[in-house]
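Here's the structure we're looking at; comments come further down.
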Amino acid sequence: MAKAITAISYAELRRARLRSQLLAPGSQTVSAAETVSALFALQSQEWSSAQLAIHARCPAVSQADVIQAREVERAFILTWTLRGTLHLVAAEDVRWQLALCGPGAIRGTGSRYKRERGLEAIQAILSREGALIRSQLAQALDSRGIPVAGQAIHHLVRYAALRGLVCFGPEIDGDLSYVLQDQWLPEQAPQPNDPLPALARRYLAAYGPASMTDLKRWSGLATAQVKAAWKAVGNECVAVTLPDGEALMLKEQLGALETATDETTVRLLPRYDNYLLGYESRAFMVANAYAKRVHPGGGMIRACVLIDGEARANWKLEKRRRGLRVKVSPFERLSAAEAAQLEAEAEALGEFLNTSAELQIDGA
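In the working numbering, each number is its position in the sequence shown, counted from 1, plus 268.
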């Protein structure tokens with residue numbers, strides 16, 4: 269049974285979640301591999317956005333370092349996993365994460381993923397040819413009589429990934445390729461004896477304070493599995509009352525509630541960032557008047573300027589003749605101090621991308 273503590277405010281909740289999400293001063297990591305491992309799964313339906321998400325949590329690395337970690341060191345891989353969605357997952361975690369979360373994602377897709385003949389063909393083709401981009405794999409499958417028209421190739425490869433057969437390999441002329449997962453990651457890491465509580469523990473470490481509903485939304489697991497996982501870690505947690513519900517946090521996370529700072533934290537979060545989509549209720553991160561500026565619907569999650577854990581502006585990158593422009597559209601006017609920190613964040617983003625980045629704040 270989790271020990272209860274007093275209610276916490278949205279400001280305290282943001283502070284705690286910033287630290288869990290590696291976005292607070294003092295919580296940021298020193299390598300891309302450490303970042304992905306600590307988050308357990310980093311949302312990556314856009315590979316470019318995933319790279320920026322790592323940068324927000326690990327300012328010491330460059331884009332080239334992130335690519336090196338994935339393609340050469342293979343410290344983490346890009347594949348479909350939680351909720352059947354693309355994530356970066358640490359090499360040591362991918363197999364047990366897929367074993368736990370893959371079956372539910374497959375069940376949720378219906379009969380269109382029952383493609384055993386297609387799996388055999390993919391296995392044979394990639395075993396012989398090595399890394400292939402989507403068009404090359406589709407052509408090879410088509411020659412074997414496997415349907416690939418329209419979205420068929422996408423559904424088949426996604427199914428193969430959820431089964432642990434394939435993952436994304438190196439970029440080839442700007443396109444991500446597919447490889448056999450066991451060839452890309454031949455070493456078998458030790459697996460947890462009891463994966464359900466292990467998953468809940470890792471989730472709370474990266475997202476806490478969080479609710480059981482948050483865990484279900486994030487993982488895609490069945491309700492019975494989520495309840496079992498939640499119960500299993502109860503003695504390791506404290507219960508907190510949030511302005512919009514109840515939650516748990518690991519006992520070692522209590523310091524994030526107790527440590528206040530006058531330092532303003534400004535972060536440029538990309539589209540689909542973990543912080544922006546990892547919770548059922550998003551009231552803590554954005555004022556209701558601006559909620560649609562962050563979560564407009566249809567599965568879209570826009571890039572946001574986060575100030576002390578609150579979404580305060582949208583932003584986007586624009587190409588210039590020389591370098592890039594970070595164009596910021598505030599929900600309300602930013603203070604001079606906030607604008608100064610945003611300038612520093614834009615400069616750091618340019619360094620990450622190995623170019624110059626000019627900041628433009630609309631209305632400034």
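Cβ coordinates follow ideal geometry from the N, Cα and C atoms, glycine included. Please read these numbers as outputs of a predicted model, since none were measured by experiment.
Neighbourhood of residue i by C-beta distance below 7 Å, restricted to the same chain and skipping five residues each side
| i | result |
| --- | --- |
| threonine 623 | Gly591, Leu592 |
| glutamate 586 | Leu592, Arg593, Lys595 |
| lysine 584 | Ala571, Lys595 |
| arginine 351 | Ala373, Gly488 |
| valine 416 | Ala406, Leu409, Asp410 |
| phenylalanine 344 | Ala301, Val304, Ala337, Arg338, Leu356, Val357, Ala358, Ala359 |
| leucine 522 | Val506 |
| arginine 470 | Phe308 |
CB-CB length for residue i against residue j, believed under 8 Å
| i | j | result |
| --- | --- | --- |
| arginine 402 | isoleucine 421 | 6 Å |
| lysine 472 | alanine 478 | According to the sequence provided, residue 472 is leucine. The question's lysine does not apply to it. Right, the Cβ-Cβ distance comes to about 6 Å (below 8 Å), so this counts as a contact. |
| tryptophan 348 | leucine 354 | 6 Å |
| arginine 325 | glutamine 296 | 6 Å |
| leucine 483 | alanine 468 | 6 Å |
| asparagine 582 | arginine 561 | 6 Å |
| glutamate 606 | isoleucine 575 | 6 Å |
| glutamate 615 | arginine 588 | Incorrect: roughly 15 Å between the Cβ atoms, too far for contact. |
8 Å Cβ cutoff met for residue i and residue j
| i | j | result |
| --- | --- | --- |
| glycine 437 | tyrosine 427 | no |
| proline 538 | serine 317 | yes |
| lysine 519 | valine 506 | yes |
| alanine 389 | alanine 337 | no |
| tyrosine 543 | glutamine 365 | no |
| isoleucine 569 | leucine 602 | no |
| glycine 631 | proline 598 | yes |
| cysteine 424 | arginine 383 | First, the residue type needs correcting, since residue 424 is leucine and not cysteine in the sequence shown. Closer than 8 Å, so yes. |
| serine 411 | phenylalanine 620 | no |
| alanine 573 | leucine 545 | The question names alanine, but residue 573 in the sequence shown is valine. No; because the gap between Cβ atoms is not below 8 Å, this pair is not in contact. |
| cysteine 435 | leucine 307 | no |
| leucine 430 | glycine 476 | no |
| leucine 635 | glycine 386 | Residue numbering for the chain in the displayed model covers 269 to 632; residue 635 lies beyond these limits and cannot be assessed. |
| proline 458 | leucine 368 | no |
| serine 312 | alanine 358 | no |
Cβ shell of residue i (< 6 Å), same chain only, five flanking positions each side left out
| i | result |
| --- | --- |
| glutamate 280 | Leu525 |
| aspartate 541 | Ala321 |
| aspartate 443 | Ile401 |
| alanine 332 | none |
| histidine 323 | Phe620 |
| valine 564 | Rather than valine, the amino acid found at residue 564 in this sequence is proline. Once the five neighbours on either side are set aside, proline 564 has no close Cβ partner at all. |
| isoleucine 393 | Ala408 |
| threonine 491 | none |
Selection from the options that minimises the alpha carbon distance to residue i
| i | options | result |
| --- | --- | --- |
| arginine 285 | Phe552, Gly386, Pro598 | Phe552 |
| glutamine 391 | Ile414, Glu578, Ile440 | Ile414 |
| isoleucine 440 | Ala468, Ile335, Leu430, Pro454 | Ile335 |
| leucine 453 | Glu360, Pro327, Tyr558 | Glu360 |
| leucine 510 | Glu548, Ala492, Val298, Asp333 | Glu548 |
| leucine 448 | Ala604, Lys499, Glu339, Leu433 | Leu433 |
| isoleucine 273 | Glu514, Ala608, Glu613 | Glu514 |
| threonine 481 | Asp512, Glu455, Asn461 | Asp512 |
| arginine 580 | Gly567, Leu610, Gly565, Gly566 | Leu610 |
| glutamate 613 | Thr303, Gly418, Val298, Pro327 | Pro327 |
| glutamate 635 | Arg363, Arg287, Ala399 | Since the first residue of the chain shown is 269 and the last is 632, residue 635 is not available in this structure. |
| glutamine 493 | Thr303, Pro371, Gly618 | Pro371 |
| aspartate 450 | Leu310, Asn461, Val362, Ala490 | Val362 |
| glycine 618 | Gly566, Ala474, Thr491, Gln319 | Gln319 |
| leucine 291 | Ala604, Asn503, Ala608, Ala474 | Ala474 |
| tryptophan 486 | Asn556, Arg287, Leu310 | Leu310 |
| alanine 275 | Asn556, Asn503, Val508 | Val508 |
Neighbourhood of residue i by C-beta, 8 Å cutoff - its chain only, sequence neighbours within 5 removed
| i | result |
| --- | --- |
| arginine 282 | Phe552, Met553, Asp576, Gly577, Glu578 |
| proline 460 | Trp364, Ala466 |
| glutamate 455 | Ala359 |
| glutamate 314 | Pro538, Arg539, Tyr540 |
In chain order, which alpha helix (DSSP H) runs of at least 4 residues are fully inside the stretch 489–526? Entirely contained in the stretch 489–526, the alpha helix (DSSP H) runs reaching 4 residues are, in chain order, 491–500, 523–526.
Runs of 4 residues minimum, wholly inside the stretch 393–417: which ones carry the alpha helix (DSSP H) assignment? If we require 4 residues or more, the alpha helix (DSSP H) runs fully inside the stretch 393–417 come out as 402–411.
For a minimum of 3 consecutive residues, which ranges assigned as the beta strand (DSSP E) are wholly contained in the stretch 519–581? The qualifying runs are 534–537, 572–575.
Could you tell me which whole beta strand (DSSP E) segments of length 3 or greater appear in the stretch 574–631? Correct list: 578–587, 592–598, 625–629.
What residue ranges within the stretch 425–453 form continuous alpha helix (DSSP H) runs of no fewer than 4 residues, ordered along the chain? Counting only unbroken stretches of 4 or more residues, the alpha helix (DSSP H) elements lying wholly within the stretch 425–453 are 449–452, in sequence order.
Entirely enclosed alpha helix (DSSP H) segments - the stretch 282–349, minimum 4 residues: Runs found: 300–307, 315–325, 331–339.
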